[in-house]
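The structure appears below as structure tokens.
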Amino acid sequence: MRPSLLLLASASARLLPPDASLPPLPERTTLPCASPTRRAPVHFPPSFTRGFSPPIDFPMESGYINVTSSDYLFYWYVGATPSAPPDAPLLVWSNGGPGCSAMEGATTEGGPLWLFDAKLSRATAALSRNPYAWNAQAHLLFVDQPRYVGFSTGRGPRVATSAAAAADMLRFLLGWRAAFPEHAHRRLLLASESYGGHYVPAWAAAILDHNARHAPRLPLAALLIGNGLIDGGVQQGSFAAFARAQRLIPPHAAPPTDGAARRLVEQSLGYTPNLYDYRLRDVSCCGCTSYNYSAWARWFTRPEVKAALHVCGAAGDAAFGGCAAGCVDMGGFDLFDNYSYSAALSAALRAGVDVTLYYGKQDTACNYVGGRRVAEEALQWGGARAFRSAAEQPLLVGGARVGESRRATAGGATLSFVAVDGAGHMVPMDQGAAASLALQTLISPRPAATPAPPAKAAAPLAKASEI
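Numbering-wise, full-length UniProt numbering puts 299 at position 299 of the sequence shown, and it's gapless, one number per residue.
This is the structure:
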């Protein structure tokens, strides 16, 4: 479903722009390879990692896990660095969309190997090290889901709802633990962004239901959602308050709808703002979905990349080829959805599962004011009153304030809300140190020191004219 700009931007990395033109999901009667790889090491060609400092000091594996006899979800596992604690959890990440590949999160956000060069120039397409990689704190598992997203493949029908996708995700996690028994004991952190505000609560509900009925139990410990669309009924109508808070419209302006507020912001800025970051202009190109993903997506079509990741034949051609930008059209996904994702988050908190919501303040797709309203108004749990009355604390990186955080604990669970300055829709891309702090709220009671910012920060994405 391509959501309307009037509904948050709407009801839907990545909340896809409503005018995004994507290929339909493939329909297969046979698999694109003889037998999908279940588990194999990932080794990129030396030319891709030349000059790395420090060198790669963590294991990587990829493959496919059955969720039915006919359908396979693709994963890329990235092990924790030697400096991570021995009991480091397993963080499971998918991107939003709906329909966007987790390879975006792996190579432009929390993963240790970045592809910024691929976004800025046709010439290099070289991997670089992420100084704020999340595998300094956790083992990372990037999963392409729902079915047929990214490199995932199969012969069965596509799923039509986040709840159905959650049932697949439960089967995936059980299958992955069987394939990787050495990690079966690790605490599970479920993470996503944007439309993942639907995915993560549904995954948590499926796991908690499984744990109540079956063994072995999955050790679910925490949930992490970035700039999430969680409760459209609560978040809708927040744009005017957001625009006033960011001084994009006059302090006493009261546009009657979110759409009217957006038009007023455009008049004030003098340009059409980018959906993901109002500081940037909107861009349009083959491979643009608010940002320009064309060169990044082409990198994943390279034969040597697909071979290194053990991709099953032509799987991924629909997502990364043409102008798709790493996403596929999910059609009427979650159409007429009446599932309460805020109720699922509330149930997780009541079950003792920690929840952290983080938002970049410059995002207009899923703005932080609406996200804060979800945390304050929509989550019903034992710490709700304490959270509403909790004082905001400065979020500090190297002694500099980069945002605010608020938290409350009750019944063995902690709810944290983190708002980050200088970040748009993808906080780990724009403010990596702050995103690491958000993750640390779920791993350590007292955040560890974060590395100093690199001498030259990589530009997040290319403008359309640069590719």
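Cβ coordinates follow ideal geometry from the N, Cα and C atoms, glycine included.
Going by DSSP, G197 is part of the alpha helix (DSSP H) stretching over 196-213. In its chain, beyond the 5 residues on either side, G360, G422, A423, G424, P460 have a beta carbon closer than 7 Å to the beta carbon of D430. Counting C-beta pairs closer than 8 Å gives fewer than three between the region 321-337 and the region 395-407, which falls short of the contact rule. With 16 or more other Cβ atoms from the protein chains shown falling within 10 Å of its own Cβ, E109 counts as buried. Within the same chain, Cβ atoms closer than 6 Å to the Cβ of G79 are found at F58, P59, H139, the five residues on either side in sequence being excluded. Burial is judged here by how many other beta carbons sit within 10 angstroms of a residue's own beta carbon; E182 has fewer than 16 and is exposed. Taking all protein chains in view, the Cβ of D277 is crowded by 16 or more other Cβ atoms within 10 Å, so the residue is classified as buried. Within the DSSP secondary-structure output, H139 pairs in a beta bridge with L90. In the DSSP annotation of this structure, the continuous segment of the beta strand (DSSP E) that includes Q393 starts and ends at 393-397.
In this structure, L113 is the residue among D71, G63, L113, S83 with its C-alpha nearest to the C-alpha of F52. Two segments are said to touch when three or more pairs of C-beta atoms, one from each, lie closer than 8 Å; by this definition the region 67-74 does not touch the region 253-265. Between G411 and G370, the beta carbon gap of about 26 Å keeps them out of contact (Cβ cut-off 8 Å).
Counting every other CB atom within 10 Å of its CB across the protein chains shown gives S62 a total of 16 or more, marking it as buried. 9 Å or more divides the Cβ of L170 from the Cβ of A348.
Less than 9 Å separates the beta-carbon of L190 from that of V200. Where F417 is concerned, the enclosing beta strand (DSSP E) starts and stops at 413-420.
When beta bridges are read from the DSSP output, R401 appears opposite L396. The DSSP assignment places 162-179 as complete runs of the alpha helix (DSSP H) inside the region 131-179, in order along the chain (cut-off: 4 residues). Scanning its chain for C-beta atoms nearer than 6 Å, with the 5 sequence neighbours on each side dropped, one finds around Y77 the residues E61, L141, in chain order. The Cβ atoms of T107 and W296 sit closer than 9 Å to each other. Taking the C-beta atoms as reference points, A202 is found nearer than 9 Å to A344. Under DSSP, P273 forms a beta bridge with R281. Per DSSP, the beta-bridge partners of W76 are S62, F142.
With respect to the C-alpha of H198, the residue from Y341, A433, G232 having the closest C-alpha is Y341.
Per DSSP, reduced to three states, the secondary structure at S47 is helical. Ranked by Cα distance from A178, the options R38, P146, I225, P303 are led by R38. By alpha-carbon distance to L73, the top candidate from G332, V311, D363, G237 is V311. Here V427 is not near L223, since their CB atoms are 9 Å or more apart. For the pair C327 and S152, the CB atoms are not nearer than the 9 Å cut-off. Within the DSSP secondary-structure output, W114 pairs in a beta bridge with S128.
F387 places its beta carbon 9 Å or farther from that of L395. For G287, there is no enclosing beta strand (DSSP E), as DSSP marks it with neither H nor E.
By the CB criterion at 9 Å, P251 and R263 fall outside the cutoff. Residue pairing by DSSP places C100 opposite C327 in a beta bridge.
Under the DSSP definition of a beta bridge, A191 partners with W93, L224.
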